[in-house]
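The structure appears right after this line, and notes come after that.
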Amino acid sequence: MKKMQVLQTVTIRFAGDSGDGMQLVGDQFTVAVALAGNNLLTLPDYPSEIRAPAGTLFGVSGFQIQFSSGSVHTPGDALDVLVAMNPAALQVNLKQMKSNGIIIVNTDAFNERNLERAQYGSNPLKDNSLDGYQVLQVPITSLNREALKESSLSLKAKNRSQNFFALGIAYWMFNCSPDNTLKWIESKFESKPDLIDANKKALHAGYDYALSAKDFSTCYKVKKADKKPGKYRNITGNKAVALGLITAARKAGKKLFLGSYPITPASDILHDLSKYCNFDAITFQAEDEIAGIGSALGASYAGALGVTTTSGPGMVLKSEFFGFAVMAELPVVIIDVQRSGPSTGMPTKTEQADLLQALYGRSGEAPVPVIAAASSTDCFKATFEACRIALEFATPVILLSDEYIANGAEPWLIPNLKEIPEIEVKYATNPENYQPYERDPETLARMMALPGTPGLEHRIGGLEKEDVSGNVSYDPENHDRMVRLRDKKVRVIADYVDDPEICGEPEGDLLVISWGSTYGSVFTAMEEIQNRGLKVSWYHLRWIHPLPQNLGEYIKNFNKVLIPEINLGQLIKIIRSEYLVDAKGFNSVRGLPLRVSDIIKAIEAQLEG
Amino acid sequence: MAGESNRTKHMQLAPDDFTSGQEPRWCPGCGNYSILAQMKKVLPELGIPKERFVFVSGIGCSGRFSYYIDTYGVHCIHGRAPAFATGIKLVAPHLKVFVITGDGDCLSIGGNHFIHLCRRNVDVTIILFNNHVYALTKGQYSPTSGRGKVTKSSPYGVIGNPFNSVRLALAAGASFVARTIDKFPEHLAEILKRAAEHKGTSFVEVYQNCNIFSNGDYLRLMDPGKRGDNLLFLKHKEPYIFGKNSDKALDWTGDDFKVVNISGRKKQKELITHDECAGHPAMEFMLASLSEDQSMPTPVGVFRDIKNDTYEDMLKKQIDSVEKKKGKGNLEQLFNSGNTWVVE
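First to last, the protein sequences are chains A and B.
If you read the first sequence in our numbering, its first letter stands for residue 428, the second for the next number, and so on.
If you read the second sequence in our numbering, its first letter stands for residue 808, the second for the next number, and so on.
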């Protein structure tokens, strides 16, 4: 007799070789739990090799999802369930397991060769090293072959569908309907009926196996989450950026131009927009990172919304053009999907270590507004806002995302297009007395004239400009004035964006300040801390330059300040110098999101210390 | 700044209409003055409204060009003008875009952008001022400096081989490739005009004398006593005749050019003729290489002028065909695509 147990929150990870189709399984499982009405957040975790040697530790590809009937803001610190398709997947992920967690293993893959490749001295399924976990041993490969014995596919092709067998098991275990995946298989393999048949059979076989097998005694139910009414879909950060860009261009009545060079983990934005060329979106795969931003600036100069997307190493290459954009006062949006550095670093792992580069990585005094997205869905809003500021202020804007939110997905409340405001951009058209560096007295934005406008022919460039006229100038007083004007122009933006709201009381023992993708981890940690009634409040930055106007006041009202970051302390340098406060950092640079439990410990340590 | 009268009567523009308020600050005697003068002469002849011209320049003496001509102008960063120009053309194909560059700007720091501009055949006219030297940084050798050239950064002579920019542009796929000389205003104007009228990437190398750092580099092509034997003016469909008395010609041996004396000997129609529109640029390659051989004449004029699809035309065609198939993008629909669910 099978039992059903209701759970509030579950964290599951599918892991196998990078060619095992674990990302696909994860995507399908995500949609299934989303359709079941749960809150969720996902973390794909894959090697940068496309097909790493089979069975190796570095070739393990994982997909983690936390889903819940309550709120979810992280992909989960520790695993309730691990699906391990081979010994390497078990070896790599075991340390993340909760005690007494469920491990589903493909026993067929636990042969001598794979055990050796996974650096196991003895078979963990036989040496009692997994005592303390609920291990469910399933010969997935052979059961799947058996299920497909009538298929005309080659053995190799049959084995390729065993990820669907594993997915079937997970669907039974968590009471999910396989219907949507069955539909997906049909549309995905439209012209290949034998693949449709095999994959569907594999999915059913896995589901039926779990339903009937004795050791699968319990299935679990996660109830529908209580969510804001509306229509939802799942969205990754990169997809949200692409939609944000198209939306901003449309709301500004402009063509979108993306000049970009392929780089992990930003390339998906280029891929998406390339598909959407019927949305007035031109994508240009440039010859290098420099030409990516160069062409985007050329497009902006000619009246489009120019955008470039990249990651840390590409930011470095583009930085001379950032300076040019500051001097020429041209709008451009630069999207840095951060990854672990320095140099090539860990291209498929996350980090927040490009902040200082974004703020300062240019020659001369070259202030650039910097905004950071907080989550996958927030990438949409943050992108829209970055575009709005770039266009309205005629300035480059840097948007910081990172690998974690770029590839991670969560349910997105689909916005009502009509409620999104228009972006108004004005250009000079009157040929009388046009002065290229005359400014709007309030925003300090210079008045651009687009090439092709009769009578407004003028020159711009990287040489210092004379105030108002825009002519080349080496005058000392003029340079000092222009340096200050460019600085002020960015600071003024603070008047045109919303200050973040403090979460918690406006005064207390400890203020936690965070930025970017740590939002989810800090949110979850703060839920627990505030539930305990501790006098801890939280402030999450959106614009990092200019800093919000209300932050200084808050900082004064707390005894201590703690700044958690996935770097060695970059925002903390800004906060300390800007507000003269003895802020403390919590820093963990593992290529992964911060662990909620670590943040809680760091908060506790501050309160004790 | 142009007044109302100029705008409405753009067909009657004069060279002076393109004089900007900024006084050129090139050294007296610099070859750039000649290029500027001829450009101002050519622009009114193109039948394009003044406001549609955009000059994008790089860094170096040539880079200042965009300040001295009253059109839309962008003084870009070192070597990157082709990238900026490409962005302009892809969103505003109605603009006539020039890239002004030098040998260091185009072939050293900007080499990658240059070859990709040519490869894509973006409709941009690129004028390379080749003076064999980094002049604005006060005299270092450049990627076109010949072996042995003594400069501040090569006090014992340049080692390594120079780029042949015409050959490079041909190899990269430019659909119009020409060479001219600053000291020959008529030829310069003719070539600039043809390049500007070409659709696709047009490349012009201008041999430009730097009278401060590489004065006399082109002397064998300029000196009235010598140039007749050293210069070959390319003419479409005509034989390669040169010489003070037009008594010499290039002939083809089967694997190389040789100089033959044609005074009374060989009939002109037996000589091979120049073809700007040849499908394969092999012969143009050989011609371009002659400038490296002191015993041979240096060809100037149009090496290549072929019709080829421009990048922006292909881009438009592709977008049109996608729009035809999928319709104009509906953002509402895009928001709601994929698996959606409703929370009541």
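A virtual CB, placed ideally from N, CA and C, is assigned to each residue, including glycine.
- Around the beta carbon of A:V649, 16 or more other beta carbons lie within 10 angstroms, which makes this residue buried.
- Along the length of the segment 870–907 of chain B, whole alpha helix (DSSP H) runs at least 4 residues long occupy 888–898, reported in chain order.
- Listed along the chain, the chain B residues whose CB falls inside 7 angstroms of the CB of A:R677 are L1138.
- Runs of alpha helix (DSSP H) with 4 or more residues, each lying fully within the segment 513–582 of chain A, are found at 514–520, 539–544 and 567–574, listed in chain order.
- Contact with chain B is found for A:C704, since one of that chain's Cβ atoms lies less than 8 angstroms from the residue's Cβ.
- Sequence-distant partners of A:A876 (beyond 5 residues in either direction) whose C-beta falls short of 8 angstroms from its own C-beta, in its chain, are Y854, A855, T856, Y861, P863, L883 and H885.
- Interface residue (Cβ-Cβ distance to chain A less than 8 angstroms): B:A821 is not classified as such.
- For secondary structure counted as the beta strand (DSSP E) over 3 or more consecutive residues, the segment 441–510 of chain A holds these complete runs in sequence order: 466–472 and 487–495.
- For B:S960, the CB contacts under 7 angstroms within the same chain, skipping 5 residues up- and downstream, are Q947 and Y948 in chain order.
- Across the set A:P848, A:I832 and A:S896, the C-alpha of A:I832 shows the shortest separation from the C-alpha of A:P502.
- Its Cα nearest to that of B:G886, the residue B:I916 stands out among B:F983, B:Y963, B:I916 and B:P950.
- Using a C-beta cut-off of 8 angstroms, the segment 975–984 of chain A makes no contact with the segment 536–548 of chain A, since fewer than three inter-stretch Cβ pairs fall below that distance.
- A direct Cα-Cα distance of roughly 7 angstroms separates B:T951 from B:N971.
- The C-alpha of B:I933 lies about 9 angstroms from the C-alpha of B:E1012.
- Looking at the DSSP output, A:E992 bridges to A:N1014.
- Annotation for A:N520: R440, A442, V487, G489, L506, L509 and A511 place their beta carbon closer than 8 angstroms to its own, counting only its chain and skipping 5 residues before and after.
- Per DSSP, A:E716 lies in no beta strand (DSSP E); the unbroken alpha helix (DSSP H) holding it starts and ends at E716 to Y728.
- Chain order gives the chain A residues near B:L1141 as L670, I673, Y703 and F706, where near means a beta carbon separation below 8 angstroms.
- A Cβ of chain B is located within less than 8 angstroms of the beta carbon of A:E747.
- Ranking A:P566, A:R660 and A:A597 by CA distance to the CA of A:G464 puts A:R660 first.
- In terms of beta-carbon proximity, B:W1148 lines the interface with chain A, with at least one pair separated by less than 8 angstroms.
- Note on geometry: alpha-carbon atoms of B:K848 and B:V1107 lie some 20 angstroms from one another.
- One alpha carbon belongs to A:S496, the other to A:I696, and they sit about 31 angstroms apart.
- In the three-state reduction of the DSSP assignment, A:Q1033 falls in the helix class, which pools H, G and I.
- Taking a cut-off of 8 angstroms on C-beta distances, the segment 742–760 of chain A touches the segment 818–829 of chain A, as three or more cross pairs fall below it.
- A distance below 7 angstroms between beta-carbons, with the five flanking residues on each side excluded, links A:R544 to the following residues of its chain, in chain order: G482, T483 and A515.
- Contact annotation for B:I1079 against chain A: no contact, minimum CB-CB distance about 37 angstroms [criterion: below 8 angstroms].
- A:A676 sits close to A:K682, with the two beta carbons spaced by under 8 angstroms.
- Contacts with chain A (Cβ-Cβ distance below 9 angstroms) from the segment 854–870 of chain B involve P856, K857, E858, R859, F860, V861, F862, V863, S864, I866 and G870, listed in chain order.
- The Cβ of B:N919 sits closer than 8 angstroms to at least one Cβ of chain A.
- With 16 or more neighbouring CB atoms inside 10 Å of its own CB, A:C704 falls in the buried class.
- Residue-level contact by beta carbon fails for A:F456 and chain B, as no gap is shorter than 8 angstroms.
- Around the beta carbon of A:F711, 16 or more other beta carbons sit within 10 angstroms, so the residue counts as buried.
- Under the DSSP assignment, B:I922 falls in the alpha helix (DSSP H) whose first and last residues are G918 to R927.
- For B:T893, the chain A residues whose Cβ falls inside 7 angstroms of its Cβ are S722 and G725, in order along the chain.
- Under the three-state reduction of DSSP output, B:L1138 falls in the helix class.
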